[in-house]
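626 is the number that the working numbering gives to position 616 of the sequence shown; each next residue is one higher, with no gaps. All C-beta atoms, glycine included, are put in the ideal place defined by N, C-alpha and C.
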Amino acid sequence: METAAGQGEATSWSDFSRRTLRAWAVFEALYAVSFLLVIALFLPWKTPIWNLGLMGYGALHAGAAIGLWGPRRWGWRLATIGAFVGFTLAILVISGLVASWMYLHSIYGAFGAGASLGALLFASVGVEVLGLYPTLLLRAMLRREVRQDVGAGKSWGRVALGLCVLPFITAAYVDARYDMEVLEPVSQEARQVSIAYLRASLDGRELPSLEALSGVPVGLGPLQVTLWRRGAVMVRVLGDGRDMAESTQLAAAALLSAPALHGVEPGDRLKVDRVVGRAPIFSEQPMFLALSVDPGRDGVEQGGTSLLPDDLVKAQLFGVKPLVPQVDELKFGLNAEGALALLNSKGPVERIRTESWVEYAGQALAVERTNTLERGTGPEVWREAAVSGGDFVLGQLMADGRFYYQYFPHNGQKRAVDAANYSLPRHAGTVYALALLYGHTKEPRFKKGAEQAINWLASQIPATCGAPSRGCVVQQGSASLGAAALTMVGMLEYQRSTGDAQYEPIIRRLGEFILMLQKEDGDFFHTYVPTQDRIEEQDREMFYSEEASLALITGYKVLGEARYRDAAERALDFLTGPKYESFFLGNFVFGADHWTCIAAAEAYPVLDKAVYLDFCKGYSSFIRGLQYESTSWPAGFAGHYGFGAFLVPQAPATAGFSEAIISTYELSVLRGEEDEALAEQVRAGLDALSRDQIRPQNAWMMPQPAEATGGIRRSLVEQEVRIDFTQHAASALIRGSTLKL
């Protein structure tokens, strides 16, 4: 035993306590110095009060280090207080993370295995970074031997153990407060009766019986009936009766007396929204509100004013504003400021969930995320959708042969881009889609459209590209491999589909350019500067090497040029092997490989290698893990790809993946290794694309439904239609329609 005195206090320390406290004095010194350096040098001093508070926390540990070395009782007190503060902060952070997950789960339902895992990983980081050291320090300070020497009781330990239940209490509270109980939906008969009654009332015809609606709960708010005209809300009325029957009667009467009605026009669409769920929102702060609404399913309400899911989508309030200011990559969730401005009301904001149905040709169609789900499945549906997509593409063709790059169906606007920003690879990919459509349908309009688009591309190819024998597509002084490869693919598909060889001289010059850019290992350089005859060796772009492999093997199949076959073999050998062997993560992941698998299927039987199919089956299996199953996810997600219910699936990703899976399935059949898992993956993806496609049934919010029909939107709640979205979908759908699935 030794006795240490300091500042009027005397403590007898056992050898165990002395060794323990001195060891932790060293740890405290290292921790304090590291912590203070990080705060002083690396943490931005945007809010000085927080930085000063953290500096004080670090100074607390520095003082504890001095006291523990003595050892002194005040050093033990400082160390225990510092450890307890750090432990408490860690518990608060973990509670916040768990509460956030529970809050988001209450909004989005099946939040997804990936998102759940992410939340747990964040929580574990919080434990390790914030809580591990303070926990170990607190444990050491509260050892029985040390407590006996300082005369401390067990209260510190009991408080610490009590804090450990805080995350569980927080999670239970959040679940009870913010989870939404949803009413049972009404029957299809009830929907049909309500639409029939409202339409008969508008038309002045005999009113049908409302017996099917008698006694049916109206919901958690008035029944909301909207008359849509040319993509805009002409009239919206409320029916707040004792049941659905009385509410429908009241809504019909309100419609007829609405000053804005001005008669009935052909094309008017009735839509009914029944509020089936209601829950509070944690905060009106933009970041919280942005994540508190399930896109397309939830509306918001404040002070008796409501915005239905349709209103939020129509106003384009999803995916347009960064969740964190100035971080444009985080554009998802609701534009909270925009929603609050539209509400323009006072009081707490609630989220409401509606059950909706819309009128079409006398029928009541159920609505999910502003989409109708009546479309069927199978090759005939896929072919119809492909042709519709092709017709939409033709509608975007300008007089000079370029395409309008973007179309916005909710306002009917087309948007061209300037020459510097026009995507030549996407233009060429659209030519490929039109040529495929002509090859499968023999509809002359697709041949004519492909020719017009090819002729514009041909005008972008100079007479020489470093040499007269080479051709390249030049934009802003440089020529990309991707533009040349897809131009060659589009022209080759046109020649194969039509038998017209008028573009063959250009094709051969493009082939020379691609061969010139191939490396010894089979990969390619991606950029060439013709005026300087210089290859930009460091430039790399997604898809370019893969697209070049397809151009070369298709060139051999159509033109019989042996050099193309040999170069394609070297390219495919590289893309299915060494491409992923040069870095560690390549053993576990796949990347932008959908063109590789299209090329591998095109290569058969000229290049019949098991490794190509093995690679593409591995790729297909990898992305199959991201495909939503119909039994586990919200309606409308099935067949798409994504990481959980947090984000509405994006159809363009499904289109690109489906092209690759179709080719992989084709190759498996050709090699006698037909795989039912691939077949089901194809079916689910094509059903999702055809279901999400714009068509008259789901176009009530669009001013020009005929013009919008066939387009593929970014998602059901983000209304941008880009030319490549639709061409990838049309290519997948027309090819899939020929498979025997």
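Along the chain, where does the alpha helix (DSSP H) that runs through Glu-557 open and close? Per DSSP, the continuous alpha helix (DSSP H) segment holding Glu-557 begins and ends at 554–569.
Below 8 Å on the Cβ atoms is my contact criterion, and I expect Pro-232 with Asp-253 to pass it. Report the Cβ-Cβ distance as a whole number of Å. Contact between Pro-232 and Asp-253 does not hold, since the beta-carbon distance rounds to 12 Å and is not under 8 Å.
Asn-708 burial status per 10 Å Cβ neighbour count (16 or more: buried): Taking all protein chains in view, the Cβ of Asn-708 is crowded by 16 or more other Cβ atoms within 10 Å, so the residue is classified as buried.
Residues that DSSP places opposite Asn-708 in a beta bridge: Asn-708 pairs with nothing; no bridge assigned.
Under a Cβ-count criterion, where at least 16 other Cβ atoms within 10 Å of its own Cβ denotes burial, should Gly-635 be classed as buried or exposed? Under this definition Gly-635 is an exposed residue.
Let's see if you can read the secondary structure: which residues bound the alpha helix (DSSP H) around Ile-205? For Ile-205, the enclosing alpha helix (DSSP H) starts and ends at 198–213.
Name, in chain order, the residues that DSSP records as bridge partners for Gly-287. According to DSSP, Gly-287 bridges with Arg-363.
Cross-strand partners of Thr-315 (DSSP beta bridge): According to DSSP, which records beta bridges pairwise, Thr-315 is partnered with Gln-312.
Rounded C-beta distance between Ala-89 and Leu-78? I'm assuming under 8 Å. Contact flag correct, Cβ pair sits at about 6 Å.
Delimiting residues of the alpha helix (DSSP H) encompassing Phe-584: First-last of the alpha helix (DSSP H) with Phe-584: 572–585.
I need the DSSP call for Ala-72, collapsed to helix, strand or coil. Three-state DSSP puts Ala-72 in a helix.
Quick check on Arg-82: buried or exposed, where buried means 16 or more other Cβ atoms within 10 Å of its Cβ? Buried: at least 16 other Cβ atoms inside 10 Å.
Mapping the DSSP letters down to three states, classify Glu-461 as helix, strand or coil. Secondary structure of Glu-461 (DSSP, three-state): helix.
Out of Leu-47, His-420 and Gly-343, state which residue places its alpha-carbon closest to the alpha-carbon of Gly-329. Checked all of Leu-47, His-420 and Gly-343; the closest Cα to Gly-329 is Gly-343.
Which one or two residues does DSSP pair with Trp-238 in a beta bridge? The partner list for Trp-238 (beta bridge, DSSP) reads Val-243 and Arg-279.
Ends of the alpha helix (DSSP H) at Leu-260? 254–267 is the span of the alpha helix (DSSP H), which, as asked, contains Leu-260.
Among residues of its own chain, excluding the 5 on either side of Glu-717, which ones have a beta-carbon nearer than 7 Å to its beta-carbon? Cβ within range, chain order: Gly-405 and Gly-422.
For Ser-507, which residues of its own chain have a beta-carbon under 6 Å away from its beta-carbon, when the five flanking residues on both sides are left out? Setting aside the 5 residues that flank it on each side, Ser-507 is surrounded in the same chain by Ala-445, Tyr-448 and Gly-449, each with a C-beta closer than 6 Å to its C-beta; the list follows chain order.
Take Val-274 as the anchor and find which of Thr-315, Asp-283 and Leu-212 has the nearest alpha-carbon. In this structure, Leu-212 is the residue among Thr-315, Asp-283 and Leu-212 with its C-alpha nearest to the C-alpha of Val-274.
Rounded to whole angstroms, what's the CA-CA distance from Ala-374 to Glu-347? Just pull it up for me. Between Ala-374 and Glu-347, the C-alpha separation is close to 34 Å.
Throw me the rounded Cβ distance for the Arg-393 and Ile-744 pair, which I believe falls under 8 Å. About 7 Å separates the two Cβ atoms, so the contact holds.
Contacts around Leu-751, its chain only, beta-carbon distance under 7 Å, and the 5 residues preceding and following it disregarded: The residues are Ala-689, Val-692 and Arg-693.
Exposure of Phe-656, with buried meaning 16 or more beta-carbon neighbours within 10 Å: Burial check for Phe-656: the Cβ neighbour count within 10 Å reaches 16 or more, so the residue is buried.
Only counting the same chain, and skipping five residues up and downstream in sequence, which positions put a Cβ closer than 8 Å to that of Arg-187? Only Pro-290 meet the Cβ criterion.
Give me the DSSP bridge partner(s) of Phe-534. DSSP, once it has assigned bridges, lists Gln-528 as partnering Phe-534.
Kindly list the residues whose CB is nearer than 6 Å to the CB of Gly-16, restricted to its own chain and excluding five residues on each side of it in sequence; keep chain order. Its pLDDT being 45, under 50, Gly-16 is placed unreliably by the model, and the measurement read from it follows with that caveat. Excluding sequence neighbours, Gly-16 sits near Arg-82.
What separation, rounded to the nearest whole angstrom, lies between the Cα atoms of Phe-413 and Met-112? One C-alpha to the other measures close to 46 Å.
Mapping DSSP to helix, strand and coil, what is Lys-164? Coil.
For the region 145–159 and the region 219–226, state whether three or more C-beta atom pairs, one from each stretch, are separated by less than 8 Å. They do not touch, by the three-pair rule.
So Thr-236 and Lys-281 are supposed to be a Cβ contact under 8 Å. How far apart are they, rounded? Cβ atoms of Thr-236 and Lys-281 come within 8 Å of each other, at about 5 Å.
Taking 7 Å as the cut-off, is the beta-carbon of Pro-232 closer than that to any non-hydrogen atom of the ligand ADP? Inclusion of the ligand ADP in the displayed structure is not the case, the ligand content being empty and no account of it being possible.
Output needed for Gly-18: all residues of its chain with C-beta closer than 8 Å, excluding positions within five of it in sequence on either side, in chain order. Bear in mind that the predicted position of Gly-18 carries a pLDDT of just 45, short of 50, making it unreliable; the figure below should be weighed with that in mind. Nothing listed; no residue qualifies.
Short of 8 Å in beta carbon distance, which residues of its chain neighbour Phe-94, apart from the five on each side in sequence? Order them along the chain. Sequence-distant partners of Phe-94 (beyond 5 residues in either direction) whose C-beta falls short of 8 Å from its own C-beta, in its chain, are Pro-144, Leu-148, Trp-166, Val-169 and Ala-170.
Alpha carbon to alpha carbon, how far is Ala-511 from Tyr-538? Give it in angstroms, no decimals. Roughly 27 Å between the two C-alpha positions.
Close-in-space but distant-in-sequence residues of the same chain around Leu-562 (CB under 7 Å, 5 per side omitted): Excluding positions up to five away in sequence, the list reads Ile-524, Tyr-574, Ala-577, Ala-578 and Ala-581.
Where Met-11 and Arg-87 are concerned, what is the direct C-alpha to C-alpha distance, given to the nearest angstrom? Bear in mind that the predicted position of Met-11 carries a pLDDT of just 44, short of 50, making it unreliable; the figure below should be weighed with that in mind. Taking the Cα positions, Met-11 is about 21 Å away from Arg-87.
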